[in-house]
Amino acid sequence: MVDTYGQKQCFSCEAKFDSDEAFWNHVYNEDCGSGSSGDNAIASESITQIPPPMCTENRNSQSAKKVAAQESSDKYDCALCGVHFLTSFEWYNHSKSDEHRSKVTAAAGHYASSSLTKKEKSSTQFKVDVTQPSLRPFCDECHVPLPSLEARDLHVMGKKHQKVINRIRKDNLFSAQTALGLSDNSTTSEDSVKDTSRNLPPNPEPGASVSITNSSKTPLFCDYCSLELPDILAVKQHLSEEQHKKNEILVSNLNAEQHSTVPSLFGNIIEPNSKQLGDLVAVLRRLCLVQLTSLMYELEQSGFSDCNDPVSLPRTNVGTNEKIVGISTDDLLQLFREVCREELQLLLSRHVPVRNAKSKSLT
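Right, here's the structure in full:
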């Protein structure tokens, strides 16, 4: 009897036992060689019902075969061509074949084209056509884009837009005056018309149509009459009208009154020597300051003493035939009065007026 894989087997009936006790009990107590065939068959049948245990080596070999078969099925498959190979050598030869390479090239081209179309679609999905004109309103005078027509209406009514319009009108007026040869100081309407006639084209033949247009494409503006004129021909006709001439004279007189200077204090005085006259004026001013100082002191004292009577001023009688530095005494007295009046005005404008004091003109 031989012990195989941890089990014992009877040589007579070929029965197998897991333990030594069952084996020796069978040997000593059972007569397997002389027994009937039916008993032996039942015994062998009962014994064979127990599944024989497997050896660990067999288990390891079977699992290794399964893993190898799995690995071979995974490693040696060409998914692109749909072909399975048993060995790596066959798979390697297939990868170098022309059929496999052509399929690889076709697949790469298909992938590149599909990815390119996806990128173009994503980029053009949010792309704005620059060539299309924008529908947003725009202010040509202020050079400002506006979101809507309502916003443009509000912008036109605003102060900023009105300032720009006024500046454009002033620029147009200046350009019109420059084109017509007008000036604020020395030119007149007739002279300007003569100057503009030089720049006008020669008179056409009779019967021909006269077309004189303004090169600036902006209406000309007459500042005297506050009137817009379309072209130079209309300006020439407007300058010859009586209403324009009246307005021009009225404005020139008003400017003359506004810019008129104060007449000189020495208009009626003959100046034999300017240096001597300057020295005389300086002496008179110092004398006037002394007189004004005493006058202010008396006014201040009279204010505190509640005396409302006018202060008597000292007077000096001077001969009518005397002359000082070539100036008669009457002219000198008039000059002294004017200087005193001027100095008094300057002094009173710099100081606070005294309480309960009455000023009296120096005559």
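Residue numbers (the working numbering): 331 to 693. Backbone N, C-alpha and C fix where the C-beta goes; we use that ideal spot for every residue, glycine too. Bear in mind the structure is a predicted one, so any value in this text is a computation, not a measurement.
Which residues share a DSSP beta bridge with residue i?
{"i": "cysteine 552", "result": "Leu557"}
{"i": "cysteine 670", "result": "In the DSSP output, where bridge partners are listed per residue, cysteine 670 has none listed."}
{"i": "cysteine 469", "result": "Val474"}
{"i": "valine 413", "result": "Cys408"}
Secondary structure at residue i, three-state DSSP: helix, strand or coil?
{"i": "aspartate 407", "result": "strand"}
{"i": "cysteine 343", "result": "coil"}
{"i": "histidine 440", "result": "helix"}
{"i": "phenylalanine 419", "result": "helix"}
{"i": "cysteine 362", "result": "coil"}
{"i": "histidine 424", "result": "helix"}
{"i": "histidine 681", "result": "With a pLDDT of 47 at histidine 681, under the threshold of 50, the modelled position of that residue is not reliable, and the figure given next carries that caveat. DSSP places histidine 681 in coil when its eight states are reduced to three."}
{"i": "serine 432", "result": "helix"}
{"i": "aspartate 348", "result": "coil"}
{"i": "serine 570", "result": "coil"}
{"i": "asparagine 544", "result": "Because asparagine 544 sits at a pLDDT of 44, beneath the cut-off of 50, its placement in the model cannot be relied upon, and the point is left open."}
{"i": "proline 531", "result": "Because the pLDDT of proline 531 is 45, which lies under 50, any placement of that residue in the model is unreliable, and the question is left without a value."}
Could you tell me the alpha carbon to alpha carbon distance between residue i and residue j, rounded to whole angstroms?
{"i": "glutamate 672", "j": "phenylalanine 666", "result": "10 angstroms"}
{"i": "leucine 479", "j": "phenylalanine 468", "result": "9 angstroms"}
{"i": "leucine 619", "j": "serine 582", "result": "41 angstroms"}
{"i": "tyrosine 406", "j": "threonine 435", "result": "21 angstroms"}
{"i": "aspartate 483", "j": "lysine 493", "result": "16 angstroms"}
{"i": "lysine 566", "j": "isoleucine 579", "result": "18 angstroms"}
{"i": "cysteine 555", "j": "leucine 476", "result": "36 angstroms"}
{"i": "cysteine 343", "j": "aspartate 350", "result": "17 angstroms"}
{"i": "lysine 500", "j": "aspartate 661", "result": "51 angstroms"}
{"i": "asparagine 496", "j": "alanine 481", "result": "21 angstroms"}
{"i": "glutamine 573", "j": "leucine 557", "result": "12 angstroms"}
{"i": "cysteine 670", "j": "leucine 610", "result": "14 angstroms"}
{"i": "lysine 489", "j": "aspartate 553", "result": "22 angstroms"}
{"i": "leucine 559", "j": "histidine 473", "result": "26 angstroms"}
{"i": "glutamate 360", "j": "lysine 346", "result": "14 angstroms"}
{"i": "alanine 437", "j": "serine 425", "result": "15 angstroms"}
{"i": "serine 570", "j": "isoleucine 498", "result": "26 angstroms"}
{"i": "tryptophan 421", "j": "glutamine 337", "result": "47 angstroms"}
{"i": "glycine 412", "j": "lysine 433", "result": "11 angstroms"}
{"i": "histidine 414", "j": "tryptophan 354", "result": "56 angstroms"}
{"i": "glutamine 664", "j": "asparagine 577", "result": "41 angstroms"}
{"i": "cysteine 408", "j": "phenylalanine 419", "result": "13 angstroms"}
{"i": "phenylalanine 551", "j": "arginine 466", "result": "32 angstroms"}
{"i": "valine 470", "j": "histidine 568", "result": "It should be noted that the sequence gives aspartate, not valine, for residue 470. Each residue's alpha carbon lies about 30 angstroms from the other."}
{"i": "leucine 410", "j": "arginine 431", "result": "10 angstroms"}
{"i": "valine 613", "j": "asparagine 502", "result": "56 angstroms"}
{"i": "isoleucine 562", "j": "valine 486", "result": "29 angstroms"}
{"i": "asparagine 423", "j": "cysteine 340", "result": "57 angstroms"}
{"i": "leucine 676", "j": "glutamine 606", "result": "25 angstroms"}
{"i": "tyrosine 358", "j": "aspartate 348", "result": "16 angstroms"}
{"i": "aspartate 428", "j": "serine 443", "result": "23 angstroms"}
{"i": "valine 439", "j": "threonine 417", "result": "Inspection of the sequence shows that residue 439 is occupied by glycine rather than by valine. The straight-line gap from Cα to Cα measures roughly 30 angstroms."}
{"i": "arginine 616", "j": "glutamate 668", "result": "14 angstroms"}
{"i": "lysine 575", "j": "alanine 564", "result": "15 angstroms"}
{"i": "cysteine 362", "j": "histidine 356", "result": "8 angstroms"}
{"i": "histidine 491", "j": "tyrosine 441", "result": "59 angstroms"}
Nearest chain C C-beta to residue i closer than 8 angstroms, yes or no?
{"i": "arginine 497", "result": "This model lacks chain C altogether; it includes just one protein chain."}
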